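A short write-up of the structure that comes next.
Residue numbers (our numbering), protein chains in the order written: chain A, 4 to 445; chain B, 149 to 441.
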């Protein structure tokens with residue numbers, strides 16, 4: 004969800020969306036007549052499948068998807084999978100446009116929680132409980148399917164699971180004589196030392212806003228424990244909770260200590276990442292989806308990859324949080340369209356896809372799947388194994404705030420994050436704006 | 149041929165395909181947008197008719213007025229920048245040495261897509277590695293501005309590439325118009341002892357006043373619906389400091405799933421642009437418009 008690589012296509016304006024939607028209307032499901040050469044009585048069917056990993060920007064993902072589809076088609080000779088591949092942002096837009104005219108593909112990708120909700124309320128996605136009850140549920144990491152459940156039914160199955168560690172550059176830490184911080188106070192000391200030595204402590208691309216939200220979420224978690232933020236969002240608590248205001252205050256304290264790279268509010272995540280990867284910044288907080296860049300990606304210089312380590316977000320003295328609590332959550336998942344003509348085949352495809360993806364994705368693409376990974380069986384770089392092990396020891400995973408919230412509140416949250424980092428609001432105003440947006444939703 | 153063209157049925161037949169396309173691709177969506185604007189709709193589920201509530205919400209939405217203010221600033225800026233384009237065109241059209249080369253130089257930004265321009269300028273503005281700040285630090289400015297993340301600067305930082313982007317387009321229009329002025333008029337004025345400045349001001353400008361009016365309308369309309377460069381460079385941020393009406397509309401419809409409200413803004417934008425265009429035409433029309441050489 005968070006891999007918002009800035010592609011050329013993101014600039015498509017509303018006008019081109021109209022064109023896209025017009026194209027979409029041609030994609031009606033075609034059910035062929037019986038020409039099955041295996042001699043069975045099954046009719047030939049076509050499953051439309053729309054995904055967001057184009058060959059250009061997600062080559063590994065794309066390859067595995069095609070591999071799985073080939074295998075599936077070999078095992079099910081009467082099924083043809085028809086592909087449509089779009090870039091992330093474009094995908095989101097198209098999904099929305101075709102939903103309004105009820106022309107969803109048979110199988111497609113969605114994001115959990117807040118994103119999923121309107122689609123489920125509009126009865127566009129089919130419940131997938133039947134395939135989960137078939138034994139598939141046990142294969143998932145606890146808590147991942149839940150992100151896709153609404154009123155007790157799962158409407159999509161997760162392909163990705165991510166947690167966000169603080170990555171750091173070991174060489175820079177060593178040169179400046181600083182150690183991995185274990186408390187917030189030590190963290191501020193590390194930042195001060197780095198700043199005094201003329202090193203940028205943290206790469207942050209807050210133009211994308213969710214990147215800043217990660218920092219806030221961790222501070223809220225470490226100060227208020229795992230449910231302070233969650234309960235404020237689900238309305239069993241309030242955003243004006245002192246602990247949440249304190250977290251906002253700590254963000255501004257970090258800003259005041261020059262913790263973040265210059266111009267962070269105008270930099271994209273990609274730009275910030277390149278600061279970190281060019282040894283210009285000591286730390287970078289990002290999801291585990293970037294692990295391949297720090298381990299296996301041959302295009303990244305090897306000595307940089309050897310220098311990357313990660314640490315858990317430090318605890319805050321007097322806070323209720325636990326250092327083994329993570330910010331993260333499920334990424335994209337697969338849905339089956341409610342009005343699909345080939346629902347049974349589509350469900351079978353989803354089941355097959357999830358299982359095969361679980362086998363291939365870690366080793367071949369560096370994606371942590373929603374299903375459990377046995378770290379003894381896979382051949383992976385140490386950094387990767389360490390993160391996977393942390394995932395198994397996690398006491399709690401708090402789903403990304405903007406994913407938890409409904410789209411409207413998420414927009415307020417993200418804007419407020421940018422304002423908070425830019426010192427345009429104070430912590431009280433920050434909390435107040437959230438409280439107002441959340442209460443208007445009720 | 150003349151016979152065919154005077155047959156009304158044939159004319160109707162010939163214009164029909166274009167008319168149908170225009171209806172389907174332009175007018176039907178406009179009507180639909182107006183219709184959606186009256187709905188409470190998340191773009192996915194069922195619609196609820198709420199009358200003019202979206203428009204009432206619009207009036208008290210300070211985020212919208214904030215973006216409208218930015219669009220207005222952009223329109224003023226664009227119209228003022230026309231003066232620069234005009235000045236350049238006057239120089240180019242007066243047959244100076246190398247005018248051809250210059251004309252091509254000015255035209256190049258027009259050949260680039262907005263996204264390429266945005267990417268280019270994002271690198272120029274990069275807070276530490278950008279050309280701009282490298283230059284400023286090299287001449288001794290210690291804390292150069294953070295162009296795209298400073299809320300008070302970002303809008304003007306974006307205006308510059310926009311000016312650069314459209315220079316070629318307007319210069320070509322002005323250049324063509326200026327070259328159309330018969331040489332005898334200029335020659336006659338010169339023999340009468342007019343200075344180059346007087347020739348430009350008293351002869352050339354009045355003769356191309358029709359074209360100037362058209363470019364003003366184009367600049368204002370273009371500014372009010374401006375979207376792409378801002379979307380790529382800042383996404384309306386930080387904190388809405390570079391939000392314009394079109395980007396705000398996009399956000400509402402596609403990020404916050406508020407399709408009804410987004411459509412209302414779209415429709416409002418349409419009305420506003422029609423109104424502004426009408427006003428400009430009204431204010432600038434005069435009897436001298438039809439210049440005869």
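Glycine residues also receive a C-beta, built at the ideal position from the N, C-alpha and C atoms. Keep in mind it's a predicted model, so treat the numbers as computed, not measured.
Measuring alpha carbon to alpha carbon, tell me which residue in 230/B, 246/B, 372/B, 249/B is nearest residue 414/B.
Ranking 230/B, 246/B, 372/B, 249/B by Cα distance to residue 414/B puts 372/B first.
I believe residue 269/A touches residue 331/A by the beta-carbon criterion, under 8 angstroms. Please report the beta-carbon distance rounded to the nearest angstrom.
Residue 269/A to residue 331/A, Cβ: 26 angstroms. No contact.
I need the straight-line Cα distance from residue 242/A to residue 124/A, nearest angstrom please.
Rounded to whole angstroms, residue 242/A and residue 124/A show a C-alpha spacing of 26 angstroms.
Shorter than 8 angstroms from the beta carbon of residue 283/B to some beta carbon of chain A?
Not one chain A Cβ lies under 8 angstroms of residue 283/B.
Members of the segment 97–131 of chain A that neighbour chain B once the beta carbon cut-off is set at 7 angstroms:
Going along the segment 97–131 of chain A in chain order, one finds 99, 102, 103, 121, 122, 124, 125, 127 with a Cβ nearer than 7 angstroms to chain B.
Name the chain A residues that come within less than 8 angstroms of residue 265/B, Cβ to Cβ?
Neighbours of residue 265/B in chain A, taken as residues whose beta carbon is under 8 angstroms from its own, are absent, since the nearest beta carbon is some 10 angstroms off.
Chain A beta carbons: is any one of them nearer than 8 angstroms to that of residue 165/B?
It does not; no Cβ of chain A falls within 8 angstroms.
Using a Cβ cut-off of 7 angstroms, pull out every chain A residue sitting near residue 294/B, in sequence order please.
Scanning chain A for C-beta atoms nearer than 7 angstroms to the C-beta of residue 294/B yields 265, 266, 269, reported in chain order.
Which residues, in order along the segment 410–421 of chain A, keep a beta-carbon less than 8 angstroms from a beta-carbon of chain B?
Those residues of the segment 410–421 of chain A that come within reach of chain B (Cβ to Cβ, closer than 8 angstroms) are 410, 411, 413, 414, 418, 421.
Looking at the secondary structure, which residues open and close the beta strand (DSSP E) in which residue 285/B lies?
That residue, residue 285/B, is in no beta strand (DSSP E); its alpha helix (DSSP H) goes 279–286.
Answer yes or no: does any C-beta atom of chain A fall closer than 8 angstroms to that of residue 204/B?
Taking Cβ atoms only, chain A never reaches closer than 8 angstroms to residue 204/B, which makes this a no.
Reduced DSSP secondary structure (H/G/I, E/B, other) of residue 3/A:
In this structure chain A extends from 4 to 445, so residue 3/A is not present and cannot be described.
Interface flag, residue 367/A vs chain B, CB-CB below 8 angstroms:
It does not; no Cβ of chain B falls within 8 angstroms.
7 angstroms Cβ shell around residue 258/A - same chain, five flanking residues per side excluded:
These residues qualify, in order along the chain: 424, 426.
As a quick exercise: from 205/B, 263/B, 235/B, pick the residue whose alpha carbon is nearest that of residue 322/B.
It is 235/B.
Mapping DSSP to helix, strand and coil, what is residue 289/A?
The DSSP-derived three-state label of residue 289/A is coil.
Per DSSP, cross-strand counterpart(s) of residue 85/A
Paired residues: 51/A.
Residue 455/A versus residue 277/B: straight-line alpha-carbon distance, rounded
This structure cannot settle anything about residue 455/A, because the visible part of chain A is limited to 4 through 445.
Do we get a CB-CB distance below 8 angstroms when we pair residue 198/B with the residues of chain A?
It does not: the Cβ of residue 198/B has no partner Cβ on chain A nearer than 8 angstroms.
Proximity winner among 58/A, 59/A, 63/A, 48/A, relative to residue 368/A (alpha-carbon distances):
In terms of CA proximity to residue 368/A, 63/A leads the group 58/A, 59/A, 63/A, 48/A.
Report back the beta-carbon spacing between residue 187/A and residue 320/A to the nearest angstrom; my notes put them in contact at under 8 angstroms.
Right, their Cβ atoms sit about 7 angstroms apart.
Under 7 angstroms, CB to CB, which of the residues in the segment 424–444 of chain A have a partner in chain B?
Contacts with chain B (Cβ-Cβ distance below 7 angstroms) from the segment 424–444 of chain A involve 425, 427, listed in chain order.
Chain E contacts made by the segment 383–397 of chain B, where a contact means CB separation under 7 angstroms:
The structure shown has no chain E; the protein chains it does contain are A and B.
Secondary structure at residue 164/A, three-state DSSP: helix, strand or coil?
For residue 164/A, the three-state secondary structure derived from DSSP is strand.
What does residue 190/B reach in chain A if we use C-beta pairs closer than 7 angstroms?
Ordered by position in chain A, the residues that pass the 7 angstroms Cβ test against residue 190/B are 121.
If you measure from the beta carbon of residue 238/A to each beta carbon in chain B, is any gap under 8 angstroms?
No - not a single Cβ of chain B is within 8 angstroms of the one on residue 238/A.
Where residue 281/A falls, given that 16 or more other Cβ within 10 Å makes a residue buried:
Residue burial annotation: residue 281/A is exposed, with fewer than 16 other C-beta atoms found within 10 angstroms of its C-beta.
Residue 190/B burial status per 10 Å Cβ neighbour count (16 or more: buried)
Answer is buried; the Cβ neighbour count reaches 16.
Could you tell me whether any Cβ in chain B is nearer than 8 angstroms to the Cβ of residue 354/A?
It does not; no Cβ of chain B falls within 8 angstroms.
On the CB-based measure, 16 or more other CB atoms within 10 Å of its CB, does residue 168/B come out buried or exposed?
Per the 10 Å Cβ criterion, exposed.
For chain A, is any of its Cβ atoms less than 8 angstroms away from the one on residue 340/B?
For residue 340/B, the answer is no, since every Cβ of chain A falls outside 8 angstroms of its Cβ.
Within 10 angstroms of its Cβ, does residue 210/A collect 16 or more other Cβ (buried), or is it exposed?
Buried, because 16 or more other Cβ atoms sit within 10 Å of the Cβ of residue 210/A.
Report the residue from 133/A, 231/A, 164/A, 340/A whose alpha carbon sits nearest the alpha carbon of residue 98/A.
Its Cα nearest to that of residue 98/A, the residue 340/A stands out among 133/A, 231/A, 164/A, 340/A.
Out of 46/A, 117/A, 107/A, point me to the one whose CA is closest to residue 237/A's CA.
Answer by Cα proximity: 117/A.
Give a yes or no on contact between the segment 308–327 of chain B and the segment 359–369 of chain B, applying the rule of three or more CB pairs nearer than 8 angstroms.
Output reads yes: the segment 359–369 of chain B touches the segment 308–327 of chain B.
Starting from the C-beta of residue 256/B, find all residues in its chain whose C-beta is less than 8 angstroms away, skip the five residues before and the five after it, and write them out in chain order.
Cβ neighbours of residue 256/B beyond the five flanking positions: 316.
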